[in-house]
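Here's the structure, in structure tokens; my notes come after.
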Amino acid sequence: MTRMNQDYPSPFLVFVFPKNPTLPRKLANSPSPPLTRRSFIDPSLFHPIDTRTDVLVLPPLSAAAPKHRPSSLASSTTFTCFIMCPSCEPEQSNGAANGSSNGSSGTNGSHAGMTGIQSRHVNQQRNPYAPVGDFLSNLNNFKIIESTLREGEQFANAFFDTAKKIEIAKALDDFGVDYIELTSPAASEQSRADCEAICKLGLKAKILTHIRCHMDDARIAVETGVDGVDVVIGTSSFLMEHSHGKDMTYITNAAIEVINFVKSKGIEVRFSSEDSFRSNLVDLLSIYSTVDKIGVNRVGIADTVGCASPRQVYDLVKTLRGVVSCDIETHFHNDTGCAISNAFCALEAGATHIDTSVLGIGERNGITPLGGLMARMIVGSKEYVLSKYKLHKLKEIEELVAEAVQVNIPFNNPITGFCAFTHKAGIHAKAILNNPSTYEIIDPALFGITRYVHFASRLTGWNAIKSRVSQLNIDMTDEQCKQCTAKIKLLADIRPIAIDDADSIIHAFHRSIVAGKPIESLGSLLPNMTAEEKSALADMENRGRELDMADAPPAKKAKAEIAA
Numbered sequence: 008m009t010r011m012n013q014d015y016p017s018p019f020l021v022f023v024f025p026k027n028p029t030l031p032r033k034l035a036n037s038p039s040p041p042l043t044r045r046s047f048i049d050p051s052l053f054h055p056i057d058t059r060t061d062v063l064v065l066p067p068l069s070a071a072a073p074k075h076r077p078s079s080l081a082s083s084t085t086f087t088c089f090i091m092c093p094s095c096e097p098e099q100s101n102g103a104a105n106g107s108s109n110g111s112s113g114t115n116g117s118h119a120g121m122t123g124i125q126s127r128h129v130n131q132q133r134n135p136y137a138p139v140g141d142f143l144s145n146l147n148n149f150k151i152i153e154s155t156l157r158e159g160e161q162f163a164n165a166f167f168d169t170a171k172k173i174e175i176a177k178a179l180d181d182f183g184v185d186y187i188e189l190t191s192p193a194a195s196e197q198s199r200a201d202c203e204a205i206c207k208l209g210l211k212a213k214i215l216t217h218i219r220c221h222m223d224d225a226r227i228a229v230e231t232g233v234d235g236v237d238v239v240i241g242t243s244s245f246l247m248e249h250s251h252g253k254d255m256t257y258i259t260n261a262a263i264e265v266i267n268f269v270k271s272k273g274i275e276v277r278f279s280s281e282d283s284f285r286s287n288l289v290d291l292l293s294i295y296s297t298v299d300k301i302g303v304n305r306v307g308i309a310d311t312v313g314c315a316s317p318r319q320v321y322d323l324v325k326t327l328r329g330v331v332s333c334d335i336e337t338h339f340h341n342d343t344g345c346a347i348s349n350a351f352c353a354l355e356a357g358a359t360h361i362d363t364s365v366l367g368i369g370e371r372n373g374i375t376p377l378g379g380l381m382a383r384m385i386v387g388s389k390e391y392v393l394s395k396y397k398l399h400k401l402k403e404i405e406e407l408v409a410e411a412v413q414v415n416i417p418f419n420n421p422i423t424g425f426c427a428f429t430h431k432a433g434i435h436a437k438a439i440l441n442n443p444s445t446y447e448i449i450d451p452a453l454f455g456i457t458r459y460v461h462f463a464s465r466l467t468g469w470n471a472i473k474s475r476v477s478q479l480n481i482d483m484t485d486e487q488c489k490q491c492t493a494k495i496k497l498l499a500d501i502r503p504i505a506i507d508d509a510d511s512i513i514h515a516f517h518r519s520i521v522a523g524k525p526i527e528s529l530g531s532l533l534p535n536m537t538a539e540e541k542s543a544l545a546d547m548e549n550r551g552r553e554l555d556m557a558d559a560p561p562a563k564k565a566k567a568e569i570a571a
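Going by the numbering used here, 410 is the number at position 403 of the sequence shown; the sequence numbering is gapless.
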């Protein structure tokens with residue numbers, strides 16, 4: 008083990024020692040001793056592997072200031088555990104992880120009586136030998152904290168009166184969300200009245216309110232009848248300097264006071280840092296560990312400015328999962344378009360709760376959208392999602408909120424966007440008609456939505472027209488469908504066409520088949536065409552005939568000339 012130079016920045020090192028009072032002294036007297044205890048931050052920050060071990064943690068150090076802690080989180084920061092185990096009987100060994108025990112574990116065999124591995128703290132209820140996704144992931148065991156009535160109320164267009172808040176709360180409860188978060192009752196008298204009114208509805212979802220880490224807010228919150236209080240305070244250097252002006256000592260003391268007070272009322276309490284991804288990692292882990300020890304129900308990670316990438320999210324949540332035993336809530340803003348992917352990665356890394364809002368409304372461009380999260384989760388966690396949420400209610404909820412805040416549902420909105428399940432290109436349409444899974448990862452029927460094959464365009468294929476012909480109860484052969492498709496594409500090259508235009512051509516083409524007379528010109532069939540469009544169409548039809556004649560065999564050309 009190489010001795011670390013305190014003037015050189017390094018990754019975190021976590022040392023796990025057996026609870027042997029003589030071992031630290033033996034290690035200190037060894038030829039290449041590890042750093043002494045005074046070089047480490049509080050050992051109690053980390054849970055021991057079991058009751059027989061101590062954990063010591065070395066933070067990165069700075070050349071300019073040996074005790075300086077970095078001001079931002081580096082995505083490459085990792086934790087390495089060196090587990091030093093005393094000799095044990097074969098039946099007590101963890102040979103499956105170490106290869107073998109009793110001093111014979113690869114390069115560690117020269118250390119008599121000890122084995123060494125690099126690992127992380129693993130909950131004893133989990134299988135440490137399973138794939139990472141199996142023992143860390145909560146993709147099949149997550150909860151939604153729906154924040155439309157808190158974060159969503161901070162959306163620029165939002166104004167929810169009491170009746171509308173109650174309507175939205177009931178809709179979310181019916182959908183199946185686990186929690187509904189409300190604006191702080193300390194924000195205004197009406198906010199407090201609305202909070203009390205919703206608490207009296209007797210909903211299945213737990214009602215939370217979101218407050219500052221301040222006793223005045225906490226006293227008001229616990230009197231409203233909520234099931235839990237979400238406490239938040241900024242921990243980044245930006246917010247500590249330019250927002251509340253407090254240091255980490257103040258924040259820690261305030262958090263302890265507020266959490267103990269809320270707990271004394273017998274309701275849930277969550278503590279969250281604000282601007283977590285621009286906060287000092289050591290500070291974050293220190294305060295999370297502190298509040299975990301006093302019994303907080305959840306700790307929260309908030310990407311307040313939407314700066315985090317999925318990899319950064321995974322790294323931080325995975326690290327935090329090894330530090331606290333309580334649940335982990337996550338809150339992701341969408342400034343850089345990563346809110347949904349960040350939420351998914353958080354669950355993969357061990358987070359338990361995800362904050363959402365309907366249509367993602369919130370400060371600036373909002374947070375993880377409820378519908379977007381459902382789209383992501385139904386792909387890999389179908390059984391779990393179907394067992395908890397009434398997916399067919401999603402469109403109704405989004406329309407309710409969209410109307411309330413006077414916006415349209417985006418065309419590319421996951422699931423409910425008007426073209427979310429629309430297929431246009433001919434090659435796509437053919438495959439979709441044969442098997443929808445060819446170009447759909449989500450079954451729209453699960454959400455009560457119907458797919459649509461867009462056949463009225465220049466890109467349409469004859470398979471799409473054949474399907475439409477069948478819907479219209481018209482009999483045509485494949486060859487006739489191909490000829491009809493050519494007519495539709497001809498008009499679509501002149502101007503955008505509607506379903507009625509395509510249907511008119513299909514009906515007219517069928518009548519011509521029955522009558523035994525070919526269609527001379529489409530212009531005569533569509534009365535809504537302008538003179539310019541009819542002229543352009545006639546020119547294209549004439550060019551088409553000329554090309555057909557050029558490619559026709561000599562006998563057909565002679566027959567056409569005689570007929571002329």
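C-beta atoms are modelled at their ideal positions from N, C-alpha and C, and glycine is treated no differently.
Determine contact between the region 413-428 and the region 203-221, defined as no fewer than three beta-carbon pairs at a distance below 8 Å.
-> no
Excluding sequence positions up to five away, which residues of its chain have a Cβ less than 7 Å from the Cβ of G241?
-> M247, S250, H251, E281, D282
In angstroms with no decimal places, state the Cα-to-Cα distance between T58 and G302.
-> Bear in mind that the predicted position of T58 carries a pLDDT of just 40, short of 50, making it unreliable; the figure below should be weighed with that in mind. In a straight line, the C-alpha of T58 is about 20 Å away from that of G302.
Residue range of the alpha helix (DSSP H) that E6 falls in?
-> Summary: the structure shown does not reach residue 6, with the chain confined to residues 8 through 571, and so no result is reported for it.
Shortest alpha-carbon distance to A427 belongs to which of S296, Q487, R458?
-> R458
Whole-angstrom Cβ separation of I187 and E336, contact assumed at under 8 Å?
-> Not quite, the Cβ-Cβ distance comes to about 14 Å (not below 8 Å), so this is no contact.
Residue range of the unbroken beta strand (DSSP E) whose run includes V306 = 305-310
For E355 and A309, the rounded distance between their alpha carbons = 17 Å
Between the C-alpha atoms of A194 and C220, what's the straight-line distance to the nearest angstrom?
-> 14 Å
In three-state DSSP terms, what is E275?
-> strand
Quick one: is S464 near chain B, going by C-beta distance under 8 Å?
-> Protein chain content of the structure displayed is limited to a single chain, and chain B is not contained in it.
With I347 and L401 assumed to form a contact (beta carbons below 8 Å), what rounded beta-carbon distance in angstroms separates them?
-> At roughly 15 Å, the Cβ-Cβ gap does not stay under 8 Å, so I347 and L401 are not in contact.
Measure the C-alpha to C-alpha separation of A499 and H430 and round it to an integer number of angstroms.
-> 17 Å
Decide if the region 256-263 is in contact with the region 195-204; the criterion is three or more beta carbon pairs, one per stretch, under 8 Å apart.
-> no
Could you tell me which of C352, V298, E403, C333 sits nearest to L323, measuring between CA atoms?
-> C352
What do you get for L479, buried or exposed, if any count of 16 or more other CB atoms within 10 angstroms of its CB means buried?
-> exposed
If you scan the region 137-223 from start to end, which runs of the alpha helix (DSSP H) of 4 or more residues do you find wholly inside it?
-> 139-143, 169-182, 196-206
Taking one C-beta from the region 430-448 and one from the region 171-182 each time, how about it: are there three or more such pairs within less than 8 Å?
-> no
Return helix, strand or coil for I263, following the three-state DSSP convention.
-> helix
Answer with buried or exposed for Q1, where buried requires no fewer than 16 other C-beta atoms within 10 angstroms of its C-beta.
-> For the chain, the structure presents residues 8 to 571; residue 1 sits outside this window and is missing.
At least three beta-carbon pairs within less than 8 Å, the region 327-334 to the region 288-296 | yes
What is the rounded straight-line gap between the Cα of L366 and the Cα of D485?
-> 44 Å
Own chain, CB closer than 7 Å to I448, minus 5 neighbours either side, in chain order | V386
Under three-state DSSP, which class holds D334?
-> strand
CA nearest to the CA of K512, picked from R475, D290, S154, S243 | A small correction: the amino acid at residue 512 is Ile; Lys does not occupy that position in the sequence shown. Of the listed residues, the one whose Cα sits closest to I512 is R475.
Which residues in the same chain as A543 place their Cβ atom closer than 8 Å to its Cβ, once the five residues preceding and following it in sequence are excluded?
-> I501
Close Cβ partners of Q490 (< 6 Å) along its chain, the five nearest in sequence each way excluded = none
Keeping to the same chain, check which residues put their C-beta closer than 6 Å to that of T9; ignore five residues upstream and five downstream.
-> For T9, the pLDDT reaches just 36, beneath the cut-off of 50, and the residue's location in the model is therefore unreliable, leaving the point undetermined.
Exposed or buried, what is N415 when buried is set at 16 or more other beta-carbons lying within 10 Å of its beta-carbon?
-> exposed
Quick one: what does DSSP say P38 is sitting in, helix, strand or coil?
-> The predicted position of P38 is uncertain, since its pLDDT is 45 and thus under 50; a value taken from the coordinates is nonetheless stated next. It is coil, neither helix nor strand.
What whole-angstrom Cβ distance do K172 and L156 have, given they're in contact under 8 Å?
-> 6 Å
With DSSP run on the structure shown, which of helix, strand or coil describes I301?
-> coil
L189 beta carbon less than 8 Å from that of I214 = yes
Who are the Cβ neighbours of P417 in its own chain at under 7 Å, not counting the five residues just before and after it?
-> G424
Are the CB atoms of G235 and F278 nearer to each other than 8 Å?
-> no
Within this structure, are the beta carbons of L143 and K325 separated by less than 8 Å?
-> yes
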